[in-house]
Structures are given as C-alpha cells and as structure tokens.
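Shown next, in structure tokens, is the structure this report addresses.
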Amino acid sequence: MVDNSALPRWLSRGIEEYFPIKGTDQTFAEKIDNAKNNNRKLRVKLGIDPTGTDIHLGHSILFKKLRAFQDNGHIAVLIIGDFTAQIGDPTGKNRTRVQLSEKQVKENAKTYLTQLGMGEPPNKSILDFDSKDRIEIRYNSEWLKGLNLNSIIELMGSATVSQMLSKEEFNKRYNSQVPIALHEFLYPLLQGYDSVAVQSDIELGGTDQKFNIAIGRDLQRHFKQEPQYGVLLPILTGLDGVKKMSKSEFNTVGMREDSLSMYSKLEKVPDNIISTYFELLTELDLSVLKDANPREMQRRMALEVTSLFHGTEEALKAQSNCEKLFLGYKEKVGKIPEISLKEIVFPVKIFYLLSALKLFKSSSESKRSIKGGGVKIDSLKVINPDLIFESKKDLEGKILQIGKKVIKRFEN
Numbered sequence: 004m005v006d007n008s009a010l011p012r013w014l015s016r017g018i019e020e021y022f023p024i025k026g027t028d029q030t031f032a033e034k035i036d037n038a039k040n041n042n043r044k045l046r047v048k049l050g051i052d053p054t055g056t057d058i059h060l061g062h063s064i065l066f067k068k069l070r071a072f073q074d075n076g077h078i079a080v081l082i083i084g085d086f087t088a089q090i091g092d093p094t095g096k097n098r099t100r101v102q103l104s105e106k107q108v109k110e111n112a113k114t115y116l117t118q119l120g121m122g123e124p125p126n127k128s129i130l131d132f133d134s135k136d137r138i139e140i141r142y143n144s145e146w147l148k149g150l151n152l153n154s155i156i157e158l159m160g161s162a163t164v165s166q167m168l169s170k171e172e173f174n175k176r177y178n179s180q181v182p183i184a185l186h187e188f189l190y191p192l193l194q195g196y197d198s199v200a201v202q203s204d205i206e207l208g209g210t211d212q213k214f215n216i217a218i219g220r221d222l223q224r225h226f227k228q229e230p231q232y233g234v235l236l237p238i239l240t241g242l243d244g245v246k247k248m249s250k251s252e253f254n255t256v257g258m259r260e261d262s263l264s265m266y267s268k269l270e271k272v273p274d275n276i277i278s279t280y281f282e283l284l285t286e287l288d289l290s291v292l293k294d295a296n297p298r299e300m301q302r303r304m305a306l307e308v309t310s311l312f313h314g315t316e317e318a319l320k321a322q323s324n325c326e327k328l329f330l331g332y333k334e335k336v337g338k339i340p341e342i343s344l345k346e347i348v349f350p351v352k353i354f355y356l357l358s359a360l361k362l363f364k365s366s367s368e369s370k371r372s373i374k375g376g377g378v379k380i381d382s383l384k385v386i387n388p389d390l391i392f393e394s395k396k397d398l399e400g401k402i403l404q405i406g407k408k409v410i411k412r413f414e415n
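Just add 3 to the spot in the sequence shown (first one is 1) and you have the numbering used here.
Listed below in structure tokens is the structure:
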C-alpha cells in the first residue's frame, strides 16, 4: 500500500493506491486539505453497473469510503451505469459479456439503491441519501444515450489500440486469440466520459478499475478539465480465503443478508484473512489483532461487521443463536432465515436438493460436503449423499446447517 500518513484518518484506512502521485503540482493530501480550508466540496465519483441484483461485503468497501467523504462535507456522485451496463465491463472477463436489456438494468438499479439504504435514515443506510447537498444520483444514459457519431468518433480518437491492448484482460484475450468485440473497447471510454460529464474531482474504484479510471483522467484532460484523482481500494477476498469475493464463487456475504446468516458465515473465515476483514470492513483499532487468539478475533470481527449492518442487539442475538445451534439446542433458537422448497420436485436425493437450492456450485461439490460431514439437518449429520426425501413434509420446519456458514429453515 502507499504511504497514507499525510491523509486524514477517515480517508487513509484501507487505500491501496491513489494517483497521480508524481507529475502534479498538488499532492492528494494537499487537495483534501485545500478543499477543507477553502470550504470547497469535492465531487467524488463512484460508478456502479447494475448487471446483477446483489451487493456483497466486497462492494461495501467502496460505498463505505464514499460515505466517509459525505460525512466530511463532500459530494457523493453515485453514477448508475444504466447505459454502460448494457455493454458490460470487460474487466475480469475472458470472453465477451452477454449484453443486458434496458428493462433488466433498470430493475437491477432499483434493487441496488434499496440495498444501499435509499428511503432509510442515514444512521441505518450505507450512503446518506437525506443530505441532498451531499449526494447526486446520476444515470449515465443521461449523457451517453444522446451521443452522436461525431462525438463517439472524438472519444475513440482520444485513445489508441495499443493503449486498449495494454489493459490486462484485453491483452490476454488478444494473445490467446479469444475474440474481442469492438464495442468492448468503447466501455472504458464511455465510463471515462462519465467523469467529464459530472466534472469529477476524485473517482473511487477497486484495484481492478485502475485502467478505466485512468481513461477518465485522460478524457478530462482532452476536454480541458482538471484531471481527477483515482483512489483504489482492495478487492476483498471471499469466505474461502483464496478467491475474490464473488457470487459465482459461492464465497460472498450479502449486505442485506439476515443477521444469523451474516454472522455464521463471517465467524468461520480463514485465519489468513481476519486482519484484512478487520481493516476493510470495520472501524476498530487494528491494535486489537496483536497477539490475539484467532478464534476470538473471528467472533469479534463477525460481531462487529454484523452490528454495522443490523445493529448490536441483532448481532448479539445472531451470535447466541449460532452457539445454540452448534450445541444442538434447536428449540431455543429464535427466527431463522427460511429456504423455500416450492421449486423442488420430490422425491429427491439430498445431494441434488442442496445443489438445486444453489447452496453449492455443483452436485459433485454437494456430495463431497455431505461425505465430509459438513451437512446437518436438525443437528444430525447427513453422511449419505443418496439419502432420499419422499415429500416436502419430510423437511418442512427442519433446520439445515452447512458447516457454520449456512443456517436455514426449510419451508414450503
């Protein structure tokens, strides 16, 4: 990580990189100080493409940093990429993405804003939607939908093919002779043009967004604007402790997951990522990690993160219920999140049931977990993956546990 010591504490935590560091008359710390001294509100851009419906804890890192800017008097410019989502960000993809319809994108955008807390008071939401002078919600179709061919040619003329091929994913695909559609080259240019349209001072992004943010700086310079600073935050490792948090890897914790599910997943994160979760997901002093017992740190981190999203009372209940379930005290546990059996055709084997409910990536992974003793129903281990349930009545009301990361009650 870069040296963040010159930055205020509310900003410095968790920043992986900011740029430019050299070649400018003003450092990032000076930019922040000058804005404060001159009572100037910086315009801090964060773009999200609503290509799905769920926001997980990995995404929350960016939103929390954006909220920190709001709480310190600056303007959060939240850009909903309703136009660019229909193209799809090629970052991290080894093939051309399937393009979404306008209707799909609009529906996804609504769920994103709900998960971020729109309509709720600031103390219960990720972003402050109430302070109207500290937030702008913009849809990039506002300026991108009306671009004529001359404007698009101008955008394309501001970058070169070699510049585009320097993007890691494009370079890999080009060298592997995996097709790159021409419209994919447009994505970073259009996202970069968002920075021009909203006159961004700072853009937040994950470390995988450096190329796109840098294109935004280039375009601002092209259109005679002062280039934005890029602030890059780490990509959160998922619950497996290996791959980045991603729904496709089944290693996520959703921001709107119930408190019991959230706590039970976080309580079992591998030791090697506990310190990262403390730094990126909590505000606790990191000195608590020194010479600490890893098991106690797991529990404390899980409690702290769950408290941030559900409140201390709900988090403590979740912790208590986890312990009761572990000890087999089903009758003493309160409300447990339900999982529906409506779409399941009975009779069904347990390994297929768990796969069909999307609790595992595949049937083979489901079988392995069952054989390894990782699945319980009403606190009793299921060790035969071919165990057959004849009807819904065999499961309704029973509690399913997969390790300590999944706790659900079967319901019709």
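Virtual Cβ for every residue (Gly too), placed ideally from N, Cα, C. None of the values given here were measured: they were computed from a predicted structure.
- Of the candidates Tyr142, Phe132, Ile129 and Arg137, Tyr142 places its Cα closest to the Cα of asparagine 111.
- The alpha-carbon of glycine 17 is positioned some 19 Å away from that of phenylalanine 312.
- Ranked by Cα distance from glutamate 316, the first of Leu263, Glu270 and Glu299 is Leu263.
- Per the coordinates, the alpha-carbon of glutamine 73 lies some 34 Å from the alpha-carbon of serine 169.
- Valine 385 carries a coil assignment under DSSP once its states are collapsed to helix, strand and coil.
- At least 9 Å separates the beta-carbon of threonine 30 from that of valine 108.
- The C-beta separation of leucine 292 from serine 278 comes to about 5 Å, placing the pair in contact by the 8 Å criterion.
- Taken through DSSP and simplified to helix, strand or coil, threonine 87 comes out as helix.
- In this structure, the beta-carbon distance from serine 366 to phenylalanine 354 falls below 9 Å.
- Note on the segment 153 to 212: whole beta strand (DSSP E) runs with a minimum of 3 residues are 205 to 209, in chain order.
- Of Ile183, Met300 and Ile205, the smallest CA-CA separation from isoleucine 90 is found for Ile183.
- Assignment of beta-bridge partners to leucine 49 by DSSP yields Leu81.
- Proximity of the segment 200 to 217 to the segment 39 to 56 meets the contact definition, three or more beta-carbon pairs being nearer than 8 Å.
- Looking at the DSSP output, threonine 240 shares a beta bridge with Lys247.
- In the displayed model, arginine 43 falls within coil according to three-state DSSP, outside both helix and strand.
- The C-beta separation of leucine 189 from lysine 213 comes to about 19 Å, leaving the pair out of contact by the 8 Å criterion.
- Annotation for glutamate 20: Val5 and Leu235 place their beta carbon closer than 6 Å to its own, counting only its chain and skipping 5 residues before and after.
- In this structure, the CA atom of lysine 345 is about 6 Å from the CA atom of asparagine 415.
- The beta carbon of leucine 192 sits closer than 8 Å to those of Leu158, Met159, Ser161, Ala162, Ile218 and Leu222, all from its chain and outside the five residues before and after it, given in chain order.
- Between the alpha carbons of leucine 119 and glutamine 231 lies a distance of about 25 Å.
- The beta carbon of leucine 283 lies closer than 7 Å to those of Gly17, Ile64, Pro237 and Leu239 in the same chain, with the five residues before and after it left out.
- The Cβ-Cβ distance between glycine 50 and glycine 233 does not fall below 9 Å.
- Across the structure, lysine 250 and arginine 298 are spaced so that their CA atoms are roughly 26 Å apart.
- Taking C-beta separations shorter than 7 Å and ignoring five residues to either side along the sequence, the partners of asparagine 254 in its chain run Gly241, Leu242, Asp243, Lys246 and Met248, following chain order.
- An exposed status is given to leucine 289, since fewer than 16 other beta-carbon atoms sit within 10 Å of its beta-carbon.
- Asparagine 178 and glutamate 187 have their C-alpha atoms some 16 Å from each other.
- Glutamate 286 has no beta-bridge partner at all, per DSSP.
- Per DSSP, the beta bridge partners of isoleucine 391 are Lys352.
- A direct Cα-Cα distance of roughly 22 Å separates isoleucine 339 from glutamine 301.
- Membership of serine 366 in the alpha helix (DSSP H) is indicated by the continuous run 366 to 374.
- The residues Gly50, Asp52 and Asn143, in chain order, have a CB closer than 6 Å to that of glycine 84 in the same chain once the five nearest residues on each side in sequence are set aside.
- In this structure isoleucine 380 is not in contact with leucine 360, their Cβ atoms being roughly 13 Å apart against a cut-off of 8 Å.
- Here glutamine 180 is exposed, its C-beta having fewer than 16 other C-beta atoms within 10 Å.
- The beta carbon of glycine 377 sits closer than 8 Å to the beta carbons of Ile405 and Gly406 from its chain, once the five residues preceding and following it are set aside; these are given in chain order.
- A direct Cα-to-Cα measurement between alanine 38 and serine 128 gives close to 26 Å.
- Methionine 265 has its alpha-carbon roughly 9 Å from the corresponding atom of alanine 318.
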